[in-house]
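In the numbering used here, the protein residues as written are 174 to 488. Backbone N, C-alpha and C fix where the C-beta goes; we use that ideal spot for every residue, glycine too. All figures in this text were calculated on a predicted structure; none of them were measured in a lab.
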Amino acid sequence: MDGDGGNAVETQRNSGGTSADEFGFELDLPSLLVRLDEGSAAARREAVAQIRETIDAGGRPERCLPTVPKLRALLEESEMESESQSESESESESESESEFEAESDPDIELHEEVAYCLAELASESPADVAPSVDAIAGFVASHGSHPATPDLLRCLAAVATERPAAVDPNDCLKAIAVGLEHGQSDVRADAAVTLAALARDSRSGERDDGDDASGSNGPGAERDEVGHEADRSTLLDLEAIPADRLLALLEDDDPRVRRNVCRVLGYGGVGTGAGAGAGVGVGVDTASDRLSSLANEDSVPAVREQAEWAVDRLS
């Protein structure tokens with residue numbers, strides 16, 4: 174996933190420096206890129222705020238796509254600073270803790286803004302944000318309770334839904350696990366959407382007419398492709414997701430979570446035997462029983478339909 178693709182190169186070529194949208198909102202892209210790369214901390218915060226303002230203006234957010242690598246770099250710098258902080262903690266633990274918290278507030282706000290911009294740009298052009306998935310997932314895995322986590326998981330869901338092959342499960346499963354444990358239902362839903370997209374991609378040789386995630390239940394629709402029956406060796410390795418947690422999510426309050434967990438199980442979150450299966454270690458019989466109950470009793474028709482689809486695949 175090296176490099177940056179999609180529409181960013183074309184957008185940068187067409188921008189020619191300062192540009193204005195139909196609302197007269199100007200964006201000096203070359204100056205913005207310099208401030209993100211070489212500016213002071215204050216200049217970077219101001220640049221990120223300008224990116225968000227441009228996106229929220231509703232004109233041409235695609236003009237900001239060339240900033241994606243710089244936004245990613247801000248997350249990566251945070252990772253390096255976090256590692257450095259961990260190494261020095263043992264030397265002056267109690268004294269530096271309050272000092273670090275006071276100095277961290279501006280960074281927390283900056284990362285929240287960066288996460289929001291990446292999520293919005295991923296919705297605009299998943300291809301341009303796809304090369305940043307590793308850094309995004311790494312940040313979430315290391316800073317699970319960070320205020321930026323919801324938007325970063327929204328970003329992962331947008332990329333995984335449209336370009337699942339660009340997402341390495343080995344890099345993302347820990348971040349997904351963080352999302353599935355999150356207190357906000359929309360964050361759990363985005364994590365479940367991402368997991369379902371990866372599970373589907375691991376079985377991409379199959380035709381799945383029953384798996385239609387379009388409609389009013391949120392993101393998660395991947396286009397079905399005609400192919401041959403996939404081999405069980407292609408199952409997604411879900412060791413980072415505890416089996417009992419995955420099954421518990423079938424009872425989540427958010428129907429998007431329930432629906433996408435049905436998809437994960439249907440796409441091979443279980444093995445072929447009656448005992449513990451591959452991946453999450455969920456037995457087929459156990460999963461089928463839970464899915465059957467959902468197919469008969471869930472209050473949301475889309476969840477019942479997806480559960481029935483998953484039962485058929487496991488039978």
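Considering only C-alpha positions, which residue in the set the options is nearest to residue i?
i, options, result
"R327", "A483, N343 and L368", "L368"
"P415", "V434, P428, D427 and K243", "V434"
"L205", "R418, P299 and V241", "V241"
"P299", "D374, V340, L283 and A475", "V340"
"E354", "A331, D374 and L419", "L419"
"P279", "L291, R245 and P320", "P320"
"R486", "A475, V473, S472 and D458", "D458"
"A246", "A215, Q223, G231 and H284", "H284"
"A230", "E293, D344 and A214", "E293"
"C237", "G441, L202, R463 and G212", "L202"
"V437", "L464, D427 and D426", "L464"
"A314", "P342, S472 and V332", "P342"
"D417", "A350, W482 and S472", "A350"
Give the C-beta separation of residue i and residue j to the nearest angstrom, bearing in mind that I take them to be a contact with Cβ-Cβ under 8 Å.
i, j, result
"V302", "A295", "4 Å"
"R429", "A365", "7 Å"
"V476", "R432", "5 Å"
Is it buried or exposed, residue i, if we count other Cβ atoms within 10 angstroms and call 16 or more buried?
i, result
"Q357", "exposed"
"E470", "exposed"
"G352", "buried"
"S305", "buried"
"R218", "buried"
"G439", "buried"
"V484", "buried"
"E250", "exposed"
"P239", "buried"
"S461", "buried"
"D427", "buried"
"P474", "exposed"
"A421", "exposed"
"A214", "exposed"
"A216", "exposed"
"R396", "Because R396 sits at a pLDDT of 33, beneath the cut-off of 50, its placement in the model cannot be relied upon, and the following sentence gives the value as read from the coordinates. So R396 counts as exposed."
Do residue i and residue j have their C-beta atoms closer together than 8 Å?
i, j, result
"R233", "Y289", "no"
"L329", "A310", "yes"
"L168", "L423", "Residue 168 lies beyond the residue range present for the chain, which begins at 174 and ends at 488; the question has no answer from this structure."
"P337", "D374", "yes"
"T227", "L200", "yes"
"L346", "L291", "no"
"L244", "F312", "no"
"E235", "E297", "yes"
"R376", "G441", "yes"
"A222", "G212", "no"
Using a beta-carbon distance below 8 Å, is residue i in contact with chain C?
i, result
"V332", "Note that chain C does not occur in the displayed structure, where there is just one protein chain."
Restricting to runs no shorter than 4 residues, where is the alpha helix (DSSP H) found entirely within the region 282-352?
299-302, 306-315 and 322-335
Ignoring anything shorter than 4 residues or poking outside the region 208-254, list the alpha helix (DSSP H) runs there in chain order.
Here the runs fully enclosed are 214-229.
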